[in-house]
Amino acid sequence: MELRVLRYFQAVVREQNISRAAEMLHVSQPTVSRQLKDLEDELGLTLFVRGTRSIQLTNSGEYFASQVDQILSLTDKTLQNLHEEQQINGRVVIGSAEARTFLNVAQSISALQQHYPHIQASIISTNADEIRTSIKSGYFDFGVIMEPADKTDYDFIHLPGESRWGILMPGDAPLANKDHLQLSDLAQMKLILSSQQGMTALLDDWLGKSTANINVVATYNLLYNAALMVSAGVGYALCFDGIINTNQSDLKFIPFEPRLTSGASIVWRKGQRLSLAAKAFLQQLQRDLD
């Protein structure tokens, strides 16, 4: 597969129309059509369902499109980091959990760009499972993950500060008038949990027993969508404080008592050859934390 053909495919997916994609790419429509047909023949798959006015992706096409986006993003990042001139430039990609401790990383990015204004930072909010996968593939340079976490294959730095656990619920919920919650209150809730690995083990550790009596009605990847489910009455979200701004909203965050907190670490793959931009970020972060 040639990168040029993948960019043709990406443009057609974006425009949902071969003619518009060809115009954007400054090539002829027959050229794009022929390249897409050759690509399907090479893969042995049908990627598109062609209609009269637009084209739609098949299931295989949807998966292939997501992989192409990552391939081309990694290609662009690699080329950008290779073309470093006298001053360090390039792109640093950081996957991060949603937590207040990310502020440390954000402050280091700000300080870094004062010294190296041509370094770009790309921040992708996601969970620990996706962070591990994307670091291994080389798509992410670094990841911010919440503790406890298995860091066997990674170098890491603990970030200062902690995030407090609690429940995000509607402001008119029966428990919303409390200042804090007990773990025993979980038994009477419809819970919305993070989908990342380790949540069940964390609950077992907190409760000191099986979570069989916990009623989990939904899971989430990012808390913003979980907050919308809470507003819609799906259930209550187990989450960190400070991620969703509950001021002037119909939601309320209530922490647990005794306090339950988690720290965070920034990780990168052991033995990974970092670009000059990534090295500069890491050095800046270490200076700031010291």
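This note's numbering applies: residue 647 is where the sequence shown begins, and numbers increase by one. Where a beta carbon is used, it is the ideal one built from N, C-alpha and C, also for glycine.
Hey, could you find the ends of the beta strand (DSSP E) residue i is sitting in?
| i | result |
| --- | --- |
| residue 898 | 897 to 901 |
| residue 701 | 701 to 703 |
Using a Cβ-Cβ cut-off of 8 Å (strictly less than) and excluding sequence neighbours within five positions of residue i, which residues of its own chain qualify?
| i | result |
| --- | --- |
| residue 731 | With a pLDDT of 48 at residue 731, under the threshold of 50, the modelled position of this residue cannot be trusted; read the value that follows with caution. There are no such residues. |
| residue 822 | 815, 816, 898, 900 |
| residue 911 | 790, 791, 793, 795, 797, 802, 803, 804, 805 |
| residue 916 | 799, 800, 801 |
Using the Cβ count rule (16 or more neighbours within 10 Å means buried), how would you classify residue i?
| i | result |
| --- | --- |
| residue 744 | buried |
| residue 760 | exposed |
| residue 772 | buried |
| residue 650 | exposed |
| residue 782 | exposed |
| residue 742 | buried |
| residue 932 | exposed |
| residue 680 | exposed |
Could you check where the alpha helix (DSSP H) with residue i kicks off and where it finishes?
| i | result |
| --- | --- |
| residue 664 | 664 to 671 |
| residue 782 | 774 to 783 |
| residue 650 | 649 to 661 |
By DSSP, does residue i sit in helix, in strand, or in coil?
| i | result |
| --- | --- |
| residue 804 | strand |
| residue 768 | strand |
| residue 692 | coil |
| residue 923 | helix |
| residue 815 | strand |
| residue 933 | helix |
| residue 827 | strand |
| residue 862 | strand |
| residue 762 | coil |
| residue 916 | coil |
| residue 683 | helix |
| residue 786 | coil |
| residue 798 | coil |
| residue 738 | strand |
| residue 875 | helix |
| residue 822 | coil |
| residue 884 | strand |
Using C-beta distances below 7 Å, list every residue in its chain close to residue i, excluding the 5 sequence neighbours before and after it, in chain order.
| i | result |
| --- | --- |
| residue 652 | 714, 717, 718 |
| residue 919 | none |
| residue 864 | 838, 875, 880, 881 |
| residue 829 | 852, 853, 902 |
Rounded to the nearest angstrom, what separates residue i and residue j at their Cα positions?
| i | j | result |
| --- | --- | --- |
| residue 736 | residue 703 | 33 Å |
| residue 868 | residue 832 | 21 Å |
| residue 754 | residue 648 | 37 Å |
| residue 695 | residue 784 | 32 Å |
| residue 871 | residue 896 | 15 Å |
| residue 885 | residue 892 | 13 Å |
| residue 926 | residue 763 | 12 Å |
| residue 907 | residue 810 | 4 Å |
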